[in-house]
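Numbering (my numbering), first residue to last: 877 to 1180.
Here it is, written out as C-alpha coordinates:
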(Lines of atoms letter the chains of each structure in order from A and count residues from 1; the text may use other names and numbers.)
(Lines give C-alpha, C1' and ligand atoms only; values in the text may rest on other atoms or scores of the structure.)
Protein backbone atom coordinates (compact mmCIF):
# COMPACT_ATOMS: atom_id res chain seq x y z
CA UNK A 1 0.00 0.00 0.00
CA UNK A 2 1.05 3.65 -0.36
CA UNK A 3 2.65 5.51 2.54
CA UNK A 4 0.28 7.05 5.06
CA UNK A 5 0.38 8.81 8.40
CA UNK A 6 3.40 10.90 9.34
CA UNK A 7 6.41 9.57 7.37
CA UNK A 8 9.17 10.73 9.70
CA UNK A 9 12.51 9.30 8.69
CA UNK A 10 11.12 6.52 6.53
CA UNK A 11 9.46 5.61 3.25
CA UNK A 12 6.09 4.83 4.82
CA UNK A 13 3.86 6.08 7.59
CA UNK A 14 4.81 5.77 11.23
CA UNK A 15 1.26 4.84 12.14
CA UNK A 16 -0.66 2.79 9.65
CA UNK A 17 1.27 1.61 6.62
CA UNK A 18 -1.93 1.27 4.60
CA UNK A 19 -4.76 2.52 6.84
CA UNK A 20 -4.99 4.71 9.91
CA UNK A 21 -8.26 5.12 11.80
CA UNK A 22 -8.21 8.08 14.19
CA UNK A 23 -11.16 9.52 16.11
CA UNK A 24 -13.74 7.58 14.11
CA UNK A 25 -15.77 4.48 14.94
CA UNK A 26 -15.24 2.43 11.78
CA UNK A 27 -16.43 -0.83 10.22
CA UNK A 28 -13.83 -2.41 7.93
CA UNK A 29 -15.33 -5.37 6.06
CA UNK A 30 -14.05 -7.72 3.38
CA UNK A 31 -10.62 -6.08 2.99
CA UNK A 32 -7.21 -7.62 2.40
CA UNK A 33 -4.08 -5.81 3.61
CA UNK A 34 -1.23 -7.52 1.79
CA UNK A 35 2.44 -6.66 1.28
CA UNK A 36 2.60 -3.36 3.17
CA UNK A 37 5.49 -2.02 5.22
CA UNK A 38 5.69 0.62 7.94
CA UNK A 39 8.81 2.25 9.40
CA UNK A 40 9.10 4.18 12.67
CA UNK A 41 11.62 6.95 13.18
CA UNK A 42 13.41 5.40 16.16
CA UNK A 43 14.12 8.50 18.23
CA UNK A 44 13.81 6.75 21.58
CA UNK A 45 10.57 8.53 22.45
CA UNK A 46 7.73 6.61 24.14
CA UNK A 47 5.49 7.08 21.10
CA UNK A 48 4.04 3.80 19.88
CA UNK A 49 4.09 3.48 16.15
CA UNK A 50 3.69 0.93 13.42
CA UNK A 51 0.90 -1.27 12.21
CA UNK A 52 -0.11 -1.94 8.65
CA UNK A 53 -3.43 -0.80 10.12
CA UNK A 54 -3.46 1.55 13.11
CA UNK A 55 -6.58 2.18 15.22
CA UNK A 56 -6.00 5.12 17.53
CA UNK A 57 -7.43 7.91 19.66
CA UNK A 58 -11.25 8.05 19.93
CA UNK A 59 -11.89 5.13 17.58
CA UNK A 60 -13.43 2.83 20.16
CA UNK A 61 -16.13 0.54 18.82
CA UNK A 62 -14.32 -0.10 15.53
CA UNK A 63 -14.87 -3.53 13.99
CA UNK A 64 -12.89 -5.55 11.42
CA UNK A 65 -14.97 -8.26 9.77
CA UNK A 66 -13.74 -10.75 7.15
CA UNK A 67 -10.35 -9.05 6.77
CA UNK A 68 -6.92 -10.50 5.99
CA UNK A 69 -3.53 -9.15 7.11
CA UNK A 70 -0.93 -11.13 5.17
CA UNK A 71 2.73 -10.64 4.23
CA UNK A 72 3.20 -7.27 5.92
CA UNK A 73 6.28 -6.00 7.75
CA UNK A 74 7.09 -3.31 10.30
CA UNK A 75 10.30 -1.73 11.57
CA UNK A 76 10.38 -0.17 15.03
CA UNK A 77 13.24 2.13 15.92
CA UNK A 78 14.93 2.46 19.29
CA UNK A 79 12.33 3.12 21.96
CA UNK A 80 9.43 2.56 19.57
CA UNK A 81 7.11 -0.40 19.23
CA UNK A 82 5.99 -1.90 15.95
CA UNK A 83 3.38 -4.37 14.84
CA UNK A 84 3.32 -5.73 11.31
CA UNK A 85 -0.39 -6.45 11.42
CA UNK A 86 -2.63 -4.18 13.49
CA UNK A 87 -1.73 -1.62 16.15
CA UNK A 88 -4.49 -0.67 18.62
CA UNK A 89 -3.77 2.48 20.63
CA UNK A 90 -7.07 3.94 21.87
CA UNK A 91 -7.58 6.80 24.31
CA UNK A 92 -9.20 4.66 27.00
CA UNK A 93 -8.52 1.30 28.63
CA UNK A 94 -12.19 0.38 28.25
CA UNK A 95 -12.58 1.48 24.61
CA UNK A 96 -13.03 -1.55 22.35
CA UNK A 97 -11.89 -2.89 19.00
CA UNK A 98 -13.12 -6.20 17.56
CA UNK A 99 -11.90 -8.66 14.91
CA UNK A 100 -14.27 -11.30 13.54
CA UNK A 101 -13.40 -13.84 10.85
CA UNK A 102 -9.97 -12.36 10.20
CA UNK A 103 -6.76 -14.01 8.99
CA UNK A 104 -3.35 -12.86 10.27
CA UNK A 105 -0.59 -14.71 8.42
CA UNK A 106 3.10 -14.36 7.53
CA UNK A 107 3.56 -10.87 9.00
CA UNK A 108 7.00 -9.87 10.28
CA UNK A 109 7.95 -7.28 12.90
CA UNK A 110 11.60 -6.24 13.27
CA UNK A 111 12.73 -5.11 16.74
CA UNK A 112 9.06 -4.77 17.59
CA UNK A 113 6.24 -6.07 19.65
CA UNK A 114 3.76 -8.43 18.08
CA UNK A 115 3.88 -9.95 14.65
CA UNK A 116 0.11 -9.88 14.15
CA UNK A 117 -1.76 -7.79 16.73
CA UNK A 118 -0.32 -5.25 19.15
CA UNK A 119 -2.45 -3.50 21.80
CA UNK A 120 -1.09 -0.56 23.78
CA UNK A 121 -4.40 0.71 25.07
CA UNK A 122 -7.96 -0.50 24.80
CA UNK A 123 -9.83 -3.80 25.05
CA UNK A 124 -9.59 -5.92 21.91
CA UNK A 125 -11.80 -8.91 21.09
CA UNK A 126 -10.90 -11.61 18.54
CA UNK A 127 -13.30 -14.32 17.36
CA UNK A 128 -13.49 -16.86 14.53
CA UNK A 129 -9.99 -15.88 13.40
CA UNK A 130 -6.68 -17.42 12.32
CA UNK A 131 -3.13 -16.54 13.42
CA UNK A 132 -0.39 -18.32 11.51
CA UNK A 133 3.30 -17.77 10.81
CA UNK A 134 3.62 -14.25 12.25
CA UNK A 135 7.09 -13.57 13.62
CA UNK A 136 9.15 -11.03 15.55
CA UNK A 137 12.87 -10.67 14.81
CA UNK A 138 15.33 -9.35 17.38
CA UNK A 139 17.27 -7.45 14.74
CA UNK A 140 16.64 -6.10 11.28
CA UNK A 141 17.84 -9.18 9.44
CA UNK A 142 16.61 -11.49 6.75
CA UNK A 143 13.59 -13.61 7.64
CA UNK A 144 12.95 -16.82 5.74
CA UNK A 145 9.32 -17.74 6.14
CA UNK A 146 10.11 -21.36 5.42
CA UNK A 147 11.84 -21.63 8.79
CA UNK A 148 10.38 -22.11 12.28
CA UNK A 149 8.07 -19.43 13.63
CA UNK A 150 9.63 -17.98 16.77
CA UNK A 151 7.78 -14.71 17.20
CA UNK A 152 4.79 -13.53 19.14
CA UNK A 153 1.39 -13.35 17.48
CA UNK A 154 -0.11 -11.09 20.17
CA UNK A 155 1.35 -8.34 22.33
CA UNK A 156 -0.12 -6.24 25.15
CA UNK A 157 1.68 -3.37 26.86
CA UNK A 158 0.87 -1.60 30.12
CA UNK A 159 2.97 1.41 29.16
CA UNK A 160 0.12 3.91 28.88
CA UNK A 161 -2.54 2.01 30.82
CA UNK A 162 -4.04 3.41 33.99
CA UNK A 163 -6.44 0.55 34.77
CA UNK A 164 -6.62 -3.22 34.17
CA UNK A 165 -8.92 -2.81 31.16
CA UNK A 166 -6.35 -3.01 28.38
CA UNK A 167 -5.95 -6.45 26.85
CA UNK A 168 -6.82 -9.00 24.17
CA UNK A 169 -9.52 -11.66 24.50
CA UNK A 170 -9.46 -14.48 21.96
CA UNK A 171 -11.93 -17.32 21.44
CA UNK A 172 -12.96 -19.69 18.66
CA UNK A 173 -9.66 -19.10 16.88
CA UNK A 174 -6.45 -20.89 15.87
CA UNK A 175 -2.98 -20.00 17.18
CA UNK A 176 0.33 -21.72 16.38
CA UNK A 177 0.86 -22.55 20.06
CA UNK A 178 -0.72 -22.00 23.47
CA UNK A 179 2.67 -21.91 25.17
CA UNK A 180 4.15 -18.66 23.84
CA UNK A 181 1.86 -16.99 21.32
CA UNK A 182 1.97 -13.66 23.11
CA UNK A 183 3.82 -11.29 25.41
CA UNK A 184 2.31 -9.20 28.18
CA UNK A 185 4.48 -6.27 29.24
CA UNK A 186 3.44 -5.90 32.86
CA UNK A 187 0.78 -8.49 33.63
CA UNK A 188 -0.63 -6.30 36.39
CA UNK A 189 -2.23 -3.92 33.90
CA UNK A 190 -2.29 -5.74 30.57
CA UNK A 191 -3.62 -9.20 29.84
CA UNK A 192 -4.27 -11.78 27.15
CA UNK A 193 -7.19 -14.12 27.76
CA UNK A 194 -7.53 -17.25 25.64
CA UNK A 195 -10.98 -18.82 25.70
CA UNK A 196 -11.66 -22.53 25.95
CA UNK A 197 -12.25 -22.79 22.21
CA UNK A 198 -8.81 -21.62 21.07
CA UNK A 199 -6.93 -24.38 19.29
CA UNK A 200 -3.45 -24.92 17.88
CA UNK A 201 -2.95 -26.23 14.37
CA UNK A 202 -1.72 -25.46 10.89
CA UNK A 203 -4.83 -23.88 9.33
CA UNK A 204 -3.77 -25.25 5.93
CA UNK A 205 -4.05 -22.03 3.99
CA UNK A 206 -3.85 -22.47 0.23
CA UNK A 207 -0.73 -20.26 0.24
CA UNK A 208 2.01 -21.50 2.53
CA UNK A 209 5.08 -19.74 3.89
CA UNK A 210 7.31 -20.55 0.93
CA UNK A 211 5.39 -18.08 -1.23
CA UNK A 212 6.48 -15.07 0.84
CA UNK A 213 9.96 -13.64 1.38
CA UNK A 214 10.81 -10.62 3.51
CA UNK A 215 14.33 -9.14 3.47
CA UNK A 216 15.27 -5.82 5.02
CA UNK A 217 18.58 -5.96 3.15
CA UNK A 218 16.86 -5.37 -0.19
CA UNK A 219 14.18 -2.76 0.58
CA UNK A 220 12.84 -2.47 -2.95
CA UNK A 221 12.12 -6.20 -2.94
CA UNK A 222 11.28 -6.52 0.73
CA UNK A 223 7.87 -8.06 0.27
CA UNK A 224 6.92 -10.55 -2.39
CA UNK A 225 3.37 -11.69 -1.65
CA UNK A 226 2.91 -13.18 -5.10
CA UNK A 227 -0.25 -15.16 -5.68
CA UNK A 228 -1.41 -15.21 -2.06
CA UNK A 229 -4.59 -17.26 -1.63
CA UNK A 230 -6.46 -16.75 1.65
CA UNK A 231 -8.71 -19.79 1.13
CA UNK A 232 -8.59 -22.79 3.43
CA UNK A 233 -7.79 -26.16 1.95
CA UNK A 234 -10.85 -28.36 1.74
CA UNK A 235 -11.34 -31.61 -0.12
CA UNK A 236 -14.81 -30.39 -1.05
CA UNK A 237 -13.27 -27.27 -2.59
CA UNK A 238 -14.53 -23.72 -2.72
CA UNK A 239 -16.17 -21.37 -5.21
CA UNK A 240 -13.86 -18.79 -6.79
CA UNK A 241 -15.16 -15.32 -5.93
CA UNK A 242 -14.30 -13.97 -9.39
CA UNK A 243 -15.23 -16.77 -11.78
CA UNK A 244 -17.77 -18.63 -9.66
CA UNK A 245 -16.08 -21.89 -10.62
CA UNK A 246 -15.53 -24.66 -8.12
CA UNK A 247 -11.86 -25.14 -7.14
CA UNK A 248 -10.79 -28.47 -5.67
CA UNK A 249 -7.01 -28.14 -5.95
CA UNK A 250 -5.03 -28.91 -2.80
CA UNK A 251 -1.45 -27.99 -1.92
CA UNK A 252 -0.35 -31.59 -2.14
CA UNK A 253 2.02 -33.61 0.00
CA UNK A 254 1.72 -33.59 3.77
CA UNK A 255 -0.33 -30.39 3.72
CA UNK A 256 -3.14 -31.80 1.59
CA UNK A 257 -6.40 -32.29 3.45
CA UNK A 258 -9.28 -30.54 5.14
CA UNK A 259 -8.32 -27.46 7.15
CA UNK A 260 -9.10 -27.69 10.88
CA UNK A 261 -10.51 -24.16 10.54
CA UNK A 262 -13.46 -25.40 8.46
CA UNK A 263 -16.71 -25.33 10.47
CA UNK A 264 -14.73 -24.50 13.64
CA UNK A 265 -16.26 -21.11 14.45
CA UNK A 266 -18.61 -20.02 17.20
CA UNK A 267 -21.78 -22.14 16.83
CA UNK A 268 -23.83 -19.04 17.61
CA UNK A 269 -22.27 -17.05 14.75
CA UNK A 270 -24.25 -16.43 11.58
CA UNK A 271 -23.57 -19.20 9.05
CA UNK A 272 -26.35 -18.38 6.59
CA UNK A 273 -23.88 -17.64 3.78
CA UNK A 274 -21.72 -20.73 4.29
CA UNK A 275 -21.84 -22.96 1.17
CA UNK A 276 -22.41 -26.00 3.39
CA UNK A 277 -25.13 -24.25 5.38
CA UNK A 278 -23.38 -25.41 8.53
CA UNK A 279 -21.16 -23.93 11.24
CA UNK A 280 -19.06 -20.95 10.20
CA UNK A 281 -15.43 -21.33 9.06
CA UNK A 282 -12.61 -19.46 10.74
CA UNK A 283 -10.76 -16.73 8.90
CA UNK A 284 -11.23 -14.39 5.97
CA UNK A 285 -13.88 -16.32 4.03
CA UNK A 286 -15.98 -17.44 7.00
CA UNK A 287 -19.73 -17.00 6.39
CA UNK A 288 -19.29 -16.02 2.76
CA UNK A 289 -20.38 -17.95 -0.37
CA UNK A 290 -16.67 -18.58 -1.08
CA UNK A 291 -15.88 -20.45 2.13
CA UNK A 292 -14.14 -23.81 1.73
CA UNK A 293 -16.02 -27.06 2.20
CA UNK A 294 -14.72 -30.27 3.76
CA UNK A 295 -15.00 -33.70 2.21
CA UNK A 296 -18.54 -35.05 2.33
CA UNK A 297 -20.16 -31.62 2.59
CA UNK A 298 -22.41 -30.35 -0.18
CA UNK A 299 -22.68 -26.87 -1.70
CA UNK A 300 -26.05 -25.30 -1.00
CA UNK A 301 -25.24 -22.04 -2.75
CA UNK A 302 -24.35 -21.67 -6.41
CA UNK A 303 -22.82 -18.50 -7.88
CA UNK A 304 -23.22 -17.84 -11.59
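In this text, a Cβ means the ideal position worked out from N, Cα and C, and glycines have one as well.
Between residue 1118 and residue 1169, the C-beta spacing is not below 9 Å. With fewer than 16 other Cβ atoms from the protein chains shown falling within 10 Å of its own Cβ, residue 1171 counts as exposed. Residue 1010 is a Cβ neighbour of residue 1029, given a cutoff of 9 Å. 1166 is the residue among 1003, 1166, 970 whose C-alpha sits nearest the C-alpha of residue 1107.
In the DSSP assignment, the residues bridged to residue 897 are 931. Contact between residue 961 and residue 983 holds, with the beta-carbon distance rounding to 5 Å and staying under 8 Å. Taking C-beta atoms under 8 Å as the contact rule, residue 1133 and residue 1080 qualify, at a distance of about 7 Å.
Counting every other CB atom within 10 Å of its CB across the protein chains shown gives residue 1003 a total of 16 or more, marking it as buried. Per DSSP, the beta bridge partners of residue 1114 are 1123. Residue pairing by DSSP places residue 905 opposite 941 in a beta bridge.
Note on geometry: alpha-carbon atoms of residue 1074 and residue 1051 lie some 7 Å from one another. According to DSSP, residue 1075 shares a beta bridge with 1050.
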